[in-house]
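Novice: Chains as they are written, first to last, in the numbering used here: chain A, -19 to 498; chain B, -19 to 498. Note that the Cβ used here is the ideal one computed from N, Cα and C, for glycine as well.
2 protein chains.
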Amino acid sequence: MNGAHALIRTLVSCGVDVCFTNPGTSEMHFVAALDDVPEMRGVLGLFEGVVTGAADGYARVAGKPAATLLHLGPGLGNGWANLHNARRGHTPVVNVVGDHALPHKPLDAPLESDIEAIAGAVSGWVRTSGSSEDVAADAAEAVRAAMGPPGQVATLILPADVSWSEARGPAEPTAAPEVVAPDAGAVEALAEVLRGDEKAMVLVGGRVVGDEAGLVAATRVAEAAGATVMCETFPARMARGAGLPAMERLAYLAEFAQMQMDGVAHLVVVDTRAPVSFFAYPDKASVLTPDGCEVHELGGPGVDPVAALEALADALGAPAEVTRAEASRPAAPTGDLTAQTMAEALGHLLPEDAIVADEGNTGGLFVAGATAGCPRHDWLTLTGGSIGLGMPLATGAAVAAPDRKVVCLEADGSAMYTLQALWTQAREGLDVTTIILNNGSYAILNLELARVGAEDPGPTALSMLDISRPDLDFCALAQGMGVPAERATDAEGFTAALERALAVPGPALVEAVLPATL
Amino acid sequence: MNGAHALIRTLVSCGVDVCFTNPGTSEMHFVAALDDVPEMRGVLGLFEGVVTGAADGYARVAGKPAATLLHLGPGLGNGWANLHNARRGHTPVVNVVGDHALPHKPLDAPLESDIEAIAGAVSGWVRTSGSSEDVAADAAEAVRAAMGPPGQVATLILPADVSWSEARGPAEPTAAPEVVAPDAGAVEALAEVLRGDEKAMVLVGGRVVGDEAGLVAATRVAEAAGATVMCETFPARMARGAGLPAMERLAYLAEFAQMQMDGVAHLVVVDTRAPVSFFAYPDKASVLTPDGCEVHELGGPGVDPVAALEALADALGAPAEVTRAEASRPAAPTGDLTAQTMAEALGHLLPEDAIVADEGNTGGLFVAGATAGCPRHDWLTLTGGSIGLGMPLATGAAVAAPDRKVVCLEADGSAMYTLQALWTQAREGLDVTTIILNNGSYAILNLELARVGAEDPGPTALSMLDISRPDLDFCALAQGMGVPAERATDAEGFTAALERALAVPGPALVEAVLPATL
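1) In terms of residues, what are the limits of the beta strand (DSSP E) holding His276 of chain A?
2) Within 8 Å of any Cβ in chain B, is that where the Cβ of Gln400 of chain A sits?
3) Have a look at Trp60 of chain A and Ala125 of chain B and give me their C-alpha separation to the nearest angstrom.
4) Can you list, in chain order, the residues of the region 392 to 424 of chain B whose Cβ is nearer than 9 Å to any Cβ on chain A?
5) Using beta carbons (cut-off 8 Å, strictly below), is Ser257 of chain B in contact with chain A?
6) Contact criterion: CB-CB distance below 8 Å. Does Gln132 of chain A meet it with respect to chain D?
7) What residue range is occupied by the uninterrupted beta strand (DSSP E) comprising Gly246 of chain A?
8) Report yes if the C-beta distance between Val189 of chain B and Met239 of chain B is below 8 Å; otherwise report no.
9) Helix, strand or coil: which one does DSSP assign to Cys(-1) of chain A?
10) Taking the alpha-carbon positions, what's the Val173 of chain A to Ala374 of chain A distance?
11) For Arg449 of chain A, does the count of other Cβ atoms within 10 angstroms reach 16, so buried, or fall short, so exposed?
12) With a threshold of 16 other CB atoms inside 10 Å of the CB of Thr469 of chain A, please say whether the residue is buried or exposed.
13) Give a yes or no on whether the C-beta atoms belonging to Ala441 of chain A and Asp141 of chain B are separated by under 8 Å.
14) Going along chain B in order, which residues have a C-beta closer than 7 Å to the C-beta of Glu428 of chain A?
15) So the candidates are B:Ala231, B:Val23 and B:Ala46; which of them puts its Cα closest to the Cα of Ser(-7) of chain B?
16) With 7 Å as the limit, tell me which residues of the region 47 to 58 of chain B have their beta carbon closer than that to any beta carbon of chain A; keep them in chain order.
17) So which residues of chain B does Gly344 of chain A contact, with C-beta pairs closer than 9 Å?
18) Considering Ala47 of chain A, what are the terminal residues of the beta strand (DSSP E) in which it resides?
19) Leaving out five residues on either side along the sequence, give the residues of the same chain with a beta carbon under 7 Å from the beta carbon of Asp271 of chain B.
20) Kindly list, in the order they appear in chain B, the residues whose Cβ is closer than 9 Å to that of His70 of chain A.
21) What separation, rounded to the nearest whole angstrom, lies between the Cα atoms of Glu178 of chain B and Val386 of chain B?
22) Measuring only the C-alpha atoms, how far is His328 of chain A from Leu362 of chain A?
23) Where does Cys211 of chain B sit, in a helix, a strand or coil, going by DSSP?
24) I'd like the list of long-range same chain contacts for Leu478 of chain A, defined as Cβ closer than 6 Å, with 5 residues on each side in sequence excluded.
25) Please list the residues of the region 445 to 461 of chain A that have a C-beta atom closer than 9 Å to any C-beta atom in chain B, keeping them in chain order.
26) State buried or exposed for Ser143 of chain A, treating a residue as buried only when at least 16 other CB atoms are found within 10 Å of its CB.
27) Quick one: any contact between the region 406 to 413 of chain A and the region 377 to 384 of chain A, if contact means 3 or more CB pairs under 8 Å?
28) Would you call Phe474 of chain A buried or exposed, if buried means 16 or more other Cβ atoms sit within 10 Å of its Cβ?
29) Evaluate contact between the region 156 to 167 of chain B and the region 286 to 294 of chain B, counting only Cβ atoms and requiring at least three cross-stretch pairs below 8 Å.
30) Leaving out the 5 sequence neighbours to the left and right, which residues in its chain are closer than 7 Å to Val275 of chain A when beta-carbon positions are compared?
31) Which residue marks the beginning of the alpha helix (DSSP H) containing Asn426 of chain A, and which one marks its end?
32) Should the region 347 to 354 of chain A be called in touch with the region 63 to 79 of chain B, which here means at least 3 C-beta pairs below 8 Å?
33) Would Thr440 of chain B count as contacting chain A if we go by Cβ distances under 8 Å?
34) In whole angstroms, give me the CA-to-CA distance for Pro530 of chain A and Gly368 of chain B.
35) Beta-carbon of Leu195 of chain B versus every beta-carbon of chain A: anything under 8 Å?
36) Could you tell me which chain B residues have their CB closer than 8 Å to the CB of Trp105 of chain A, listed as they occur along the chain?
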């Protein structure tokens, strides 16, 4: 048994049985070992940003990490942006980066680079495996490190000779850290604050919003305290829909977030952080909590945030039951195809138990409202702000949940970063319906150009935000990668095309032609 | 005048008047300033790997750097792989990476990351501009650092408030370092070695092979010394064709390179390094020079390598004239379309003064031979081994040389990393003919799988190298980005399609359907 075999068998014994790959020569022993460990599913991507984004989407849905297989520094570079999103979403990823054989490294061959430096900037744990005797134990530690909590990117750098040299055998899983009980005194002190008259908000994220128990616990606290409850702006995974407690998300635009928080004197944050502006703007605040607002963190290292919320709810004497969203769907829209009617069509049709991978950006502005009363579903967002995540995320989610429909809401500009995900969807027969929101523009930047104070922009500046010369034909692009596609230009046509696409038991794409401005 | 204006005006005054861009919110002041400095041409890419690869191709042809404009750590990550190629090719690049405003950085907003760490792994010079008062001088230094010699990636990190705050004005260009004369004693000592009877090889690269003077100087030395002369495996830019001294390139595969160097007792390296194996393999040598071979470096810091070769040639009493390649072209091929007949068609048609951006990989194996007697042209290669360079490289080359035809030889697997380059070609009307070598496979990895000793690979391993499920339709993909395309399946059809594509005064693509194996 060589190091690659020992590594893959260890991953499987630790529960990691999907590996998204884009290998090269230095990874050939890993690839060759896959046939000996049929429990490990290899899923090929044509670009590393697809690989890492898919690993993120997989873990958000499966609740456990996938592995990646990347080719040296450049492969990690290509996958870096979506690892950044995983880092910000606390998604567990076991990121395996092949490297030159250890004796080859000092020769500074053309593909040599400082992998640890670029890995360190995006990983919570980095290790270069130093020998085939150690690689199995290194892999077990990588899985444990990735799992956290909180989840993180754990990068294992795998020199080629560590793969090809003789190993002892697989390693046992590393034990998970113990769960710590919420501190009763801290919970009671916070309950005392919330019993007061000052305006309070409960801001939750991370594991709290991923399932019903967390949503209920947070809502119990808020209802008992007379506080508002809100979800962080970009949750990794949010359970929502009819029958679940409804929860608004904090707005992306700082001005709107400040309105949402207006007058809040006590902000309780649970598995998230007090909000800051996404970007800085001249003469605008970066810290979004109101002046004088006191921030209370509930939980802490090793504490299950949902258990902490339940303890707080009990301390407040909150009833077990909470207000839940009513079932409702918009009517099928008619007339022009706009961000609003596109959203209504989706709300009209979203299947029960769907997973929505949302990189709709400006074109997706009305989707949350239009789907709030749909049957239960999960919503995955752009956690780190690095565009090019949506389609890989949908790909990984579909690998994790083959029995669920995945809907990918994808802005045109963002789509063009990692469009190769469609090919993996076709190759694996993944049940993903992609909606391309084609407005021919980096529309968000038109908005931001004004917001940063660059008034009266000239034609050159505007041309840098215009992606309509030439127009992108997403149907041709999808068909070029084996995914059937159709284009819609009015609300009725879009609704019908979406219905047909959702009926396909595999990948399909609908291009929604939207106005250039909202 | 704000920092962004001062920066752009400084770049222009330093001769940097093209900026390949993929901006985001933190770069909006830079974008807004473009209208005030019409001498700076902004060229938009839909993905950062296109931006950085285009900057590389531009500089290889223009002989001076372009700027990039990238969006924080993720934008740099996406552009990292092609910056790696630029680093290995010693191409000057002024790499501008936007960042959060300085007071915003400690807040750890979602897009915050350690940009200096990832920039440092690929740049010879990195600086975060600390104030709008300094940014112009920083830009001048960045240009100087990028220019070298040798050329390198110079990364200037540009916080948003440095862009938007008031600046003093543009800075003057920084003076170039002095050129050092070749050391006469060292030249004479080396001449004495070459006058001996032991087998010698002159291995040249970098600036030596970029134009006629260097090729002539190297060939004079070799002919006078009775030595062989050879070009490094992956030169950034090689002048070649009828009327120039012909020069073989050192082979990529270690076994072949060792055959080429068999018995060489003295290796003279000029603006390149003694060769090492691209990858390590079990039980194979990584150092490719024969045992006991003495390596002599000619030149040194600040020395013009062509002047050093000329001094050595004079010391050897070499005549001014050398053997030059005869004009010849292959006949138009007939029959099956293979790597060989594809190469013959290209040799039959390659226009005079063309620039070839070569990422043909296995499918391009016979192209060098088939074009050796074509009219003079320049050849750009994959300097750092990070695939996904060819189409961006061609894009940048075409921006630098609007009056020359650019031919991009692109392997199917590599094409899928940075296919978005086609859109920039369409948008800018660039005169690029792309030939996609579609063999449905990562063919090089099938070869490497055997070479690393992974014998008798199973179906899962082989499936990781097979990109024919589903088949990629490159004509649809090109048309989706506004580039006309046609597919050819036999030699006559390919030759005719290539002739039509070359006649188009703008981008066109020909998909050559090749056998899965050579």
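Specialist: From the atom records:
1) As a first step, residue 276 of chain A is located in the first sequence; it is residue number 296 there, counting from the start. From DSSP, the beta strand (DSSP E) with His276 of chain A extends over Glu274 to Leu278.
2) Translated into the one-based positions of the first sequence, residue 400 of chain A becomes position 420. Answer yes: the Cβ-Cβ gap between Gln400 of chain A and chain B drops below 8 Å somewhere.
3) On the first sequence, position 80 is the one that residue 60 of chain A refers to. On the second sequence, position 145 is the one that residue 125 of chain B refers to. Whole-angstrom Cα-Cα distance: 26 Å.
4) Gly393, Met396, Tyr397, Thr398, Leu399, Gln400, Trp403, Ala406, Arg407, Tyr422 and Ile424
5) Residue mapping note: residue 257 of chain B aligns to position 277 of the second sequence, counting from 1. Chain A contact via Cβ: present.
6) Looking for chain D here will not work: the only protein chains present are A and B.
7) If you number the first sequence from 1, residue 246 of chain A lands on position 266. It should be pointed out that residue 246 of chain A corresponds to His in this sequence rather than to Gly. Run containing His246 of chain A: His246 to Val250, per the beta strand (DSSP E) assignment.
8) As a position in the second sequence, residue 189 of chain B is number 209, starting the count at 1. As a position in the second sequence, residue 239 of chain B is number 259, starting the count at 1. Their beta carbons are not under 8 Å apart, which means Val189 of chain B does not touch Met239 of chain B by this criterion.
9) In the first sequence, counting from the first residue as 1, residue -1 of chain A sits at position 19. Reduced to three states, the DSSP call for Cys(-1) of chain A is strand.
10) Counting from 1 along the first sequence, the entry for residue 173 of chain A is found at position 193. Counting from 1 along the first sequence, the entry for residue 374 of chain A is found at position 394. Their Cα atoms are separated by approximately 41 Å.
11) Residue numbering aside, residue 449 of chain A sits at position 469 when the first sequence is read from its first letter. Under this definition Arg449 of chain A is an exposed residue.
12) Here residue 469 of chain A refers to the residue found at position 489 of the first sequence. By the 10 Å Cβ count, Thr469 of chain A comes out exposed.
13) Residue numbering aside, residue 441 of chain A sits at position 461 when the first sequence is read from its first letter. Residue numbering aside, residue 141 of chain B sits at position 161 when the second sequence is read from its first letter. In this structure, Asp141 of chain B does not lie closer than 8 Å to Ala441 of chain A by Cβ.
14) Mapped onto the first sequence, residue 428 of chain A falls at position 448. Thr5 and Met8, listed in chain order.
15) Position 13 of the second sequence, counted from the first residue, corresponds to residue -7 of chain B. With distances taken between Cα atoms, Ser(-7) of chain B lies closest to B:Ala46.
16) Gly53, Pro54, Gly57 and Asn58
17) Taking the first sequence and counting its residues from 1, the one referred to as residue 344 of chain A is at position 364. Going along chain B, no residue has its Cβ under 9 Å from Gly344 of chain A, so there is no contact; the nearest lies around 17 Å.
18) Position 67 of the first sequence holds residue 47 of chain A. Taken as a continuous stretch (DSSP letters only), the beta strand (DSSP E) holding Ala47 of chain A covers Ala47 to His51.
19) Taking the first residue of the second sequence as 1, we reach residue 271 of chain B at position 291. Around Asp271 of chain B: no qualifying Cβ.
20) Locating residue 70 of chain A in the first sequence gives position 90, where the first residue counts as 1. Going along chain B, no residue has its Cβ under 9 Å from His70 of chain A, so there is no contact; the nearest lies around 12 Å.
21) Position 198 of the second sequence, counted from the start, is the residue given in the question as residue 178 of chain B. Position 406 of the second sequence, counted from the start, is the residue given in the question as residue 386 of chain B. So the alpha carbons of these two residues sit roughly 42 Å apart.
22) By one-based count along the first sequence, residue 328 of chain A stands at place 348. By one-based count along the first sequence, residue 362 of chain A stands at place 382. Their backbone Cα atoms lie some 24 Å apart in a straight line.
23) As a first step, residue 211 of chain B is located in the second sequence; it is residue number 231 there, counting from the start. Strand, per DSSP.
24) On the first sequence, position 498 is the one that residue 478 of chain A refers to. Closer than 6 Å at the Cβ level, and outside the excluded window around Leu478 of chain A, lie Ala325, Leu329 and Val490.
25) Leu445, Asp446, Ile447, Arg449, Pro450, Asp451, Leu452, Asp453, Phe454, Cys455, Ala456, Leu457, Ala458, Gln459, Gly460 and Met461
26) In the first sequence, residue 143 of chain A corresponds to position 163, counting from 1. When all chains shown are included, Ser143 of chain A counts as buried.
27) yes
28) Numbered from 1 along the first sequence, position 494 holds the residue referred to as residue 474 of chain A. With 16 or more other Cβ atoms within 10 Å, it is buried.
29) yes
30) Here the question's residue 275 of chain A lines up with position 295 in the first sequence. Around Val275 of chain A: Leu247, Val249, Ala254 and Thr269.
31) The residue given as residue 426 of chain A occupies position 446 in the first sequence. Taken as a continuous stretch (DSSP letters only), the alpha helix (DSSP H) holding Asn426 of chain A covers Ala423 to Arg431.
32) no
33) Working through the second sequence from its first residue, we reach residue 440 of chain B at position 460. Yes, contact with chain A.
34) Coverage of chain A is limited to positions -19 through 498, which leaves residue 530 of chain A absent and any answer about it impossible.
35) Position 215 of the second sequence, counted from the start, is the residue given in the question as residue 195 of chain B. No, Leu195 of chain B does not count as interfacial toward chain A.
36) Residue numbering aside, residue 105 of chain A sits at position 125 when the first sequence is read from its first letter. Result: empty, since nearest Cβ-Cβ is about 16 Å, beyond 8 Å.
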